[in-house]
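Read through the structure below, which is laid out as structure tokens, and then see the notes.
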Amino acid sequence: MYYPKQLIPELCFAQKLGRGFYIIVVLNHTTVDKGIFRRLGFTEHETEIYLVLLRNRELSAYEIAQKTGFYKQVCYDALNRLLEKGYVNAVSVGKSRVFKATNPEVIFEALNDEVEQLKSALPELMKAHKDSENKLSVEVYKGKKVLQIGFKDVINELTKTGGENLCTSVDEAAFSVLDPMAMEKYTNSLKKYNLNERVLIKKGVKGQFDSKRSKYRTVPEEFFNPNPTQIYGDNVQISLLGAVPHLIIIRNKELADASRKQFNMLWKSASFLNKETPTPKKSSKARIISAD
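Mapped onto the working numbering, the consecutive letters of the sequence shown carry residue numbers -13 to 278.
Right under this line is the structure:
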């Protein structure tokens, strides 16, 4: 806010802006929030020196040292930094050099310009941030709740991105023993959100769920991996069902895509369960049409 000069109290310093108006800087140490300067990148020494210069218009380095109580070299170092930032100007008076504070409004206008430049670059910065996040991340969990964590992550991902959950080397009976509530909640969520899964199980084992949402095929025991794996979205889950269950979630698009291709190759060569039989192809006979 701007005030006519005659309304400016003595405890304030007025920096002239033109047309008889001044910007007011309150210099009383009990009212100045020096934390503002810290947040703008000023050091403690730079803040004190800048305020002293505002209060005194122009001072030599010696005079600044006297008024702040700082060593002269400390003042020189801080003044050089302030000069580089454009917060202070240096003027030669004869053989001496004096320093003046830059108009506060000029500083804040410059800071606003920088903010606007940052806003214009924000979309590109956000894209770079997203790309770096998508490269690779690995999460490891352990304990009895790993199934609950894993299934919840699958449901959350598929409800956002769509697709299906591809499960290999799954021993559903072991899952049900470890955490039956997590298994029940997962299958209910598949129905609730109309999500699908394809499951490769060991030959001779029946699927636990008779649901349109879960399709099963079997692989020979020698190809059965004891570590259940789930592929969904850009994620791959691996469960280690030992004495202390562990869950590893790898978030990486390239790995998920490669794992999905491998799963589909196994799925094509896997055997159907008795309750799922392939649809027979209709034989086509050539029809000869006489041109007569």
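Here a beta-carbon is modelled for each residue, glycine too, at the ideal position from N, C-alpha and C. Computed from a prediction, not measured in an experiment: that's the story for all the values here.
Query: On the DSSP letters alone, give me the boundaries of the beta strand (DSSP E) that Lys198 sits inside.; Result: Where Lys198 is concerned, there is no enclosing beta strand (DSSP E), given that its DSSP letter is neither H nor E.
Query: Would you tell me roughly how many angstroms separate the C-alpha atoms of Lys71 and Val79, rounded to the nearest one?; Result: 22 Å
Query: Among Leu227, Tyr218, Lys239, which residue has its Cα nearest to the Cα of Glu282?; Result: This structure gives no information on residue 282, because the portion of the chain shown stretches from -13 to 278.
Query: Give the list of continuous alpha helix (DSSP H) stretches no shorter than 4 residues that lie fully inside the region 85 to 124.; Result: 90 to 121
Query: May I ask you to verify whether the region 141 to 155 touches the region 243 to 261, counting CB pairs closer than 8 Å and requiring at least 3?; Result: yes
Query: One question on the structure: do Pro231 and Val132 come within less than 8 Å of each other, judged by their Cβ atoms?; Result: yes
Query: Using the C-alpha atoms, what's the distance from Ser106 back to Val74?; Result: 28 Å
Query: If we count Cβ pairs, one from each stretch, closer than 8 Å, do we get three or more for the region 138 to 148 versus the region 166 to 182?; Result: yes
Query: Please list, in chain order, all residues of the same chain as Cys61 whose beta carbon is under 6 Å from its beta carbon, the five residues on each side excluded.; Result: Ala47, Ile50, Ala51
Query: Closest to Leu94 by C-alpha separation, out of Leu26, Ser82, Lys116, would be which residue?; Result: Correcting the residue type first, residue 94 is Phe in the shown sequence and not Leu. Taking only the C-alpha atoms, the option nearest Phe94 is Leu26.
Query: Are Glu44 and Lys86 touching if we call contact CB-CB under 8 Å?; Result: yes
Query: Under 7 Å Cβ to Cβ from Gly149, same chain only, skipping five residues before and after it: list those, please.; Result: Tyr218, Gly219
Query: Taking only runs that begin and end inside the region 215 to 269, name each unbroken beta strand (DSSP E) of 3 or more residues, in chain order.; Result: 215 to 218, 221 to 226, 232 to 237
Query: Terminal residues of the continuous beta strand (DSSP E) containing Val185?; Result: 182 to 188
Query: Compute the beta-carbon to beta-carbon distance between Ala64 and Thr29, rounded to the nearest angstrom, for a pair I have assumed lies under 8 Å.; Result: 7 Å
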